[in-house]
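A.B. asks:
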Amino acid sequence: MPKNSKVTQREHSSEHVTESVADLLAHQEPVDYKRSVLNVTGETWDKQKEGDEDLDAENRPAWNSKLQYILAQIGYSVGLGNVWRFPYLCQKNGGGAYLVPYLVLLIIIGLPLFFLELAVGQRIRRGSIGVWNYICPRLGGIGYASCLVCFFVGLYYNVIIGWSIFYFFKSFQYPLPWSECPIVRNGSVAVVETECERSSATTYFWYRETLDISNSISESGGLNWKMTLCLLVAWSLVGLAMIKGIQSSGKVMYFSSLFPYLVLVCFLVRGLLLRGAVDGIMHMFTPKLDKMLDPQVWREAATQVFFALGLGFGGVIAFSSYNKQDNNCHFDATLVSFINFFTSVLATLVVFAVLGFKANIMNEKCVVENAEKILGYLNTNVLSHDLIPPHVNFSHLTAKDYNEMYRVIMTVKEGHFKELGLDACLLEDELNKSVQGTGLAFIAFTEAMTHFPASPFWSVMFFLMLINLGLGSMIGTMSGITTPIIDTFKVRKEVFTVGCCIFAFVVGLIFVQRSGNYFVTMFDDYSATLPLTVVVILENIAVAWIYGTKKFMQELTEMLGFRPYQFYYYTWKYVSPICMAVLMTASIIQLGVSPPGYSAWIREEAAEKFLFYPTWAMAILISLIILASLPLPLVFILRQFHLVSDGSNALSVTYKKGRMMKDISNLEDNDETRFILSKVPSETPSPMPTHRSYLGPGSNSPMEMSSAPNGRYGSGYLLASTPESEL
9 MPKNSKVTQR EHSSEHVTES VADLLAHQEP VDYKRSVLNV TGETWDKQKE
59 GDEDLDAENR PAWNSKLQYI LAQIGYSVGL GNVWRFPYLC QKNGGGAYLV
109 PYLVLLIIIG LPLFFLELAV GQRIRRGSIG VWNYICPRLG GIGYASCLVC
159 FFVGLYYNVI IGWSIFYFFK SFQYPLPWSE CPIVRNGSVA VVETECERSS
209 ATTYFWYRET LDISNSISES GGLNWKMTLC LLVAWSLVGL AMIKGIQSSG
259 KVMYFSSLFP YLVLVCFLVR GLLLRGAVDG IMHMFTPKLD KMLDPQVWRE
309 AATQVFFALG LGFGGVIAFS SYNKQDNNCH FDATLVSFIN FFTSVLATLV
359 VFAVLGFKAN IMNEKCVVEN AEKILGYLNT NVLSHDLIPP HVNFSHLTAK
409 DYNEMYRVIM TVKEGHFKEL GLDACLLEDE LNKSVQGTGL AFIAFTEAMT
459 HFPASPFWSV MFFLMLINLG LGSMIGTMSG ITTPIIDTFK VRKEVFTVGC
509 CIFAFVVGLI FVQRSGNYFV TMFDDYSATL PLTVVVILEN IAVAWIYGTK
559 KFMQELTEML GFRPYQFYYY TWKYVSPICM AVLMTASIIQ LGVSPPGYSA
609 WIREEAAEKF LFYPTWAMAI LISLIILASL PLPLVFILRQ FHLVSDGSNA
659 LSVTYKKGRM MKDISNLEDN DETRFILSKV PSETPSPMPT HRSYLGPGSN
709 SPMEMSSAPN GRYGSGYLLA STPESEL
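Here is the structure:
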């Protein structure tokens, strides 16, 4: 040992030494415990295994550029919900007034928690399983629960991409196949299909031609082969994008993230040129301020913020784990959060410009149909010609003239007005018909596009946009599964990705039977909301209260090179956990108050009807919630009572280039643990890798994993209090 080393100097000094382990070893030659006297486990040194571990730690895949990473996060967070969920919530919850609670909750819940996930992923450089095992082994179930929820969501989300693929290929014809009702022959007579005539051409095409839907969830009806092929194509696209990890998915993101913005801008320009577009946008942004006092509006805004950013799924952590440690993830969190918000506003402008145009078309149709009824009543003397204002011209009847005539007839024929069967034909009523999800994309929007000039072109663009939006979100969702599993179990990336896609396709066949749409509704409503809310609350608690907000802020300061705003300290520690707890309580109450059911399409009535889930479907529904949440208590119990080893109690030390690295050697004996760590093991300083300063032999760390005297959940290093001779 060099004579000037700190350890040698300590032998000749009576001073109390408080140097860190890193300081003590700074002047020493690199040592590997497996080849030294510190190897108390009897484990043989495996050069190949050691090399693999070093490569895994040092050569983790990385993004080719910062732009690629930002596009991946944007592609993941900006999804179908921005296009067909946010506009609906805006319309339902007060128009422009809804933007206020949404923006407030984005700042106090969305941004801090998004920043938290980016930071832990970048600092620890592991997927969700590895991250939460490091931070708090007893809450390691968070990572497994995230993987399960990602799997459930991926199952039905890819079905929606399959539907979009079907419409995409059907768009290459003129006129569009959903523009007119089909004609069927009854002997020598040609008649319009009854189901289509009683609903509409776009509704018929969606429910009958696309889904061939059954009357209830209990009627399976067998597989829909067209949707089965589309689902196979969808999973093939996801598999090809994911097979090489971020090397392949990162390149896909350049197109899948940017193309939707091109389409949205094109649709906005085209939409603003349509007659009635301004009516839709004015209706959208006319604030109904009384709605801001409704707690339900705030609950729905919080839920939308939560899902819009992809919190709790593990995709955010997975993507950030491929970053360099000095990357400014605070800037990334702010940028992606507000791009997500402005994308939602842009999509809302597009949707309501188009729906304003559609409302004008439908209102004109209503005026024409009811004017024909009035003419019939005039010709049969049911109505007197004196009731018609002299300036009204039935050949060029405007909505204003019809409304004036309608009010006169309603006043004069007050007692018998209902028998006439006349409609008010108000534009406001058309604009208030709220549609969301598949109803917006595959019925309302497709109907509007049939009235566009060059409608096939716009249809191709629209559904190609939906495919890319879905694909970007699916890549992030699948990364929430593949990254933690590959990191934890060291399986081959290509083999696992292909196997996962094949397995998901087979299980997903439940969604492409004739009753499959009802299962999509079930999974969408119940498989993720409650489990993910619990997951994010526990993530927040694990970092802010178990690991410690002060220590986490110090970690961020070391990693970023500047101290984050105190705003994050208070939101992580107090505001976000309280808000998320309120959201979870409200979600549970909502589940209890709203009877579990679904909207079924009844063929004979050509209309939707609300039905309750049968008993067996309720069992599936409850099982989804329980199964997604099960890893949380299961892992806690197993590790709390030491039924399984988390590996963090058994540490051996290797030194590489003056830096401490952890190596799991699976020690179980208390004396051996005490011999390696100290006579009286301390509480855990920090599970975070690299560059940790020593806090002193008597210091307490907020990262207290266990009160067990043998420091079973300890994963840090401390200075031995025994003389050097004891080592």
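Heads up: the sequence shown at position 631 corresponds to 639 in the numbering used here, and the numbers run straight through without jumps.
Quick reminder that beta carbons are idealized off the backbone N, C-alpha and C, glycines included.
Among G384, K408, V416 and L405, which one has its Cα closest to the Cα of I396?
C.D. replies: For the purposes of this step, residue 396 is taken as residue 388 along the sequence shown, with counting starting at 1. Taking only the C-alpha atoms, the option nearest I396 is V416.
A.B. asks: Determine the contact status of L435 and N368, defining contact as a CB-CB distance below 8 Å.
C.D. replies: If you number the sequence shown from 1, residue 435 lands on position 427. If you number the sequence shown from 1, residue 368 lands on position 360. Yes; because the gap between Cβ atoms is below 8 Å, this pair is in contact.
A.B. asks: Straight-line CA distance for K74 to W553?
C.D. replies: Your numbering for residue 74 matches position 66 in the sequence shown. Your numbering for residue 553 matches position 545 in the sequence shown. Straight-line Cα distance between these residues: approximately 32 Å.
A.B. asks: Do the stretch 235 to 255 and the stretch 161 to 180 meet, that is, are 3 or more Cβ pairs less than 8 Å apart?
C.D. replies: yes
A.B. asks: Just grab the DSSP bridge partners of Y606 for me.
C.D. replies: In the sequence shown, residue 606 corresponds to position 598, counting from 1. Answer by DSSP bridge pairing, in chain order: L619.
A.B. asks: Looking only at its own chain, which residues have a Cβ that is under 6 Å from the Cβ of L540, when we skip the five neighbours before and after it?
C.D. replies: In the sequence shown, residue 540 corresponds to position 532, counting from 1. Correct list, in chain order: V157 and G320.
A.B. asks: Here's the rule I'm using: 16 or more other beta-carbon atoms within 10 Å means buried, otherwise exposed. How should L479 be labelled?
C.D. replies: For the purposes of this step, residue 479 is taken as residue 471 along the sequence shown, with counting starting at 1. L479 is buried by the Cβ-count criterion.
A.B. asks: Which partner residues does V192 have in the DSSP bridge list?
C.D. replies: Your numbering for residue 192 matches position 184 in the sequence shown. Bridge partners of V192: V199.
A.B. asks: Leaving out five residues on either side along the sequence, give the residues of the same chain with a beta carbon under 7 Å from the beta carbon of M370.
C.D. replies: Numbered from its first residue, the sequence shown carries residue 370 at position 362. Excluding positions up to five away in sequence, the list reads E438.
A.B. asks: Applying the criterion that 16 or more other CB atoms from any shown protein chain within 10 Å of the CB defines a buried residue, is M473 buried or exposed?
C.D. replies: For the purposes of this step, residue 473 is taken as the residue at position 465 of the sequence shown. Buried: at least 16 other Cβ atoms inside 10 Å.
A.B. asks: Just checking, does the stretch 357 to 364 make contact with the stretch 388 to 406 on the three C-beta pairs under 8 Å criterion?
C.D. replies: Because the criterion of three Cβ pairs below 8 Å is not met, the stretch 357 to 364 and the stretch 388 to 406 do not touch.
A.B. asks: At which residue ranges does the stretch 623 to 655 contain complete alpha helix (DSSP H) runs of 4 or more residues, listed in the order of the chain?
C.D. replies: 623 to 637 and 639 to 648
A.B. asks: What's the C-alpha gap between L646 and F327?
C.D. replies: Numbered from 1 along the sequence shown, position 638 holds the residue referred to as residue 646. Numbered from 1 along the sequence shown, position 319 holds the residue referred to as residue 327. If I take the Cα positions, the gap works out to 29 Å.
A.B. asks: Using alpha carbons as the reference points, say which of G148, S487 and G429 lies closest to S257.
C.D. replies: Counting from 1 along the sequence shown, the entry for residue 257 is found at position 249. The option with the nearest alpha carbon to S257 is S487.
A.B. asks: Among residues of its own chain, excluding the 5 on either side of V376, which ones have a beta-carbon nearer than 8 Å to its beta-carbon?
C.D. replies: If you number the sequence shown from 1, residue 376 lands on position 368. Answer for V376: L405, listed in chain order.
A.B. asks: Is it right to say N72 is buried, meaning 16 or more other beta carbons lie within 10 angstroms of its own, or is it exposed?
C.D. replies: Along the sequence shown, read from residue 1 onward, the residue named residue 72 stands at position 64. The residue is exposed, with fewer than 16 neighbouring Cβ atoms inside 10 Å.
A.B. asks: Can you grab the Cα-Cα spacing for the pair F471 / S172, in whole Å?
C.D. replies: Taking the first residue of the sequence shown as position 1, residue 471 is located at position 463. Taking the first residue of the sequence shown as position 1, residue 172 is located at position 164. Distance between the alpha carbons of F471 and S172 is about 6 Å.
A.B. asks: On the three-state DSSP scale, how would you describe L435?
C.D. replies: Within the sequence shown, residue 435 is the residue found at index 427, counting from 1. In this structure, DSSP gives L435 a helical state, which the three-state scheme calls helix.
A.B. asks: Checking 8 Å against the spacing of the C-beta atoms, do V324 and Y110 come in under that value?
C.D. replies: Counting from 1 along the sequence shown, the entry for residue 324 is found at position 316. Counting from 1 along the sequence shown, the entry for residue 110 is found at position 102. It is not a contact, given that the beta carbons lie outside the stated cut-off.
A.B. asks: State the beta-bridge partners of Q521 as determined by DSSP.
C.D. replies: For the purposes of this step, residue 521 is taken as residue 513 along the sequence shown, with counting starting at 1. Partner(s): L231.
A.B. asks: CB N101 to CB K421, shorter than 8 Å?
C.D. replies: Against the sequence shown, residue 101 aligns to sequence position 93. Against the sequence shown, residue 421 aligns to sequence position 413. In this structure, K421 does not lie closer than 8 Å to N101 by Cβ.
A.B. asks: For G253, does the three-state DSSP call read helix, strand or coil?
C.D. replies: For the purposes of this step, residue 253 is taken as the residue at position 245 of the sequence shown. Coil, per DSSP.
A.B. asks: Measuring from the CB of V544, is there a heavy atom of the ligand ATP at a distance below 7 Å?
C.D. replies: Looking for the ligand ATP in the displayed structure turns up nothing, as the structure carries no ligands at all.
A.B. asks: Output yes if chain C places a C-beta closer than 8 Å to the C-beta of T446; else output no.
C.D. replies: In the structure shown, chain C cannot be found, because there is only a single protein chain.
A.B. asks: Where do the ends of the alpha helix (DSSP H) carrying W140 lie?
C.D. replies: Position 132 of the sequence shown, counted from the start, is the residue given in the question as residue 140. In the DSSP assignment, W140 falls within the unbroken alpha helix (DSSP H) covering S136 to I143.
A.B. asks: Grab me the residues of A70's own chain with a C-beta within less than 6 Å of its C-beta, minus the 5 sequence neighbours each way, in chain order.
C.D. replies: Counted from its first residue, the sequence shown places residue 70 at position 62. Answer for A70: Y330, listed in chain order.
A.B. asks: Closer than 8 Å by C-beta to F267: which residues in its own chain qualify, once you throw out the five before and the five after it? Chain order, please.
C.D. replies: Looking up residue 267 in the sequence shown gives position 259. Around F267: L472, M473 and N476.
A.B. asks: In whole angstroms, give me the CA-to-CA distance for F547 and M290.
C.D. replies: Residue 547 sits at position 539 when you count from the first residue of the sequence shown. Residue 290 sits at position 282 when you count from the first residue of the sequence shown. Rather than Phe, the amino acid found at residue 547 in this sequence is Glu. Answer to the nearest angstrom: the Cα atoms are 41 Å apart.
A.B. asks: Going by the beta-carbon positions, is the gap between V468 and F180 smaller than 8 Å?
C.D. replies: Residue 468 sits at position 460 when you count from the first residue of the sequence shown. Residue 180 sits at position 172 when you count from the first residue of the sequence shown. Contact flag set, yes.
A.B. asks: Looking only at C-alpha atoms, which of W306, I451, A407 and Q598 sits nearest to G284?
C.D. replies: Indexing the sequence shown from 1 puts residue 284 at position 276. Nearest C-alpha to G284: A407.
A.B. asks: Which residues in the same chain have their Cβ closer than 8 Å to the Cβ of G516, if we skip the five residues on either side of it in sequence?
C.D. replies: The count along the sequence shown starts at 1 and reaches residue 516 at position 508. These residues qualify, in order along the chain: L163, Y164, N166, V167, L239 and W243.
A.B. asks: Let me make sure I understand the geometry here. Which of C204, E502 and A153 has the alpha-carbon closest to that of P185?
C.D. replies: Here residue 185 refers to the residue found at position 177 of the sequence shown. For the residues C204, E502 and A153, the minimum Cα distance to P185 belongs to C204.
A.B. asks: Taking the alpha-carbon of L428 as reference, which of C155, A379 and H338 has the nearest alpha-carbon?
C.D. replies: Within the sequence shown, residue 428 is the residue found at index 420, counting from 1. Nearest of C155, A379 and H338 to L428, Cα basis: A379.
A.B. asks: For N101, which three-state DSSP category applies?
C.D. replies: Against the sequence shown, residue 101 aligns to sequence position 93. In this structure, N101 counts as coil in the three-state DSSP scheme.
A.B. asks: If you check the beta carbons only, do I596 and L632 fall under 8 Å apart?
C.D. replies: For the purposes of this step, residue 596 is taken as residue 588 along the sequence shown, with counting starting at 1. For the purposes of this step, residue 632 is taken as residue 624 along the sequence shown, with counting starting at 1. The answer is no: Cβ separation not under 8 Å.
A.B. asks: Taking P120 as the reference, give the member of G89, V652 and V551 with the closest Cα.
C.D. replies: Along the sequence shown, read from residue 1 onward, the residue named residue 120 stands at position 112. Ranking the options by Cα distance to P120, first place goes to V551.
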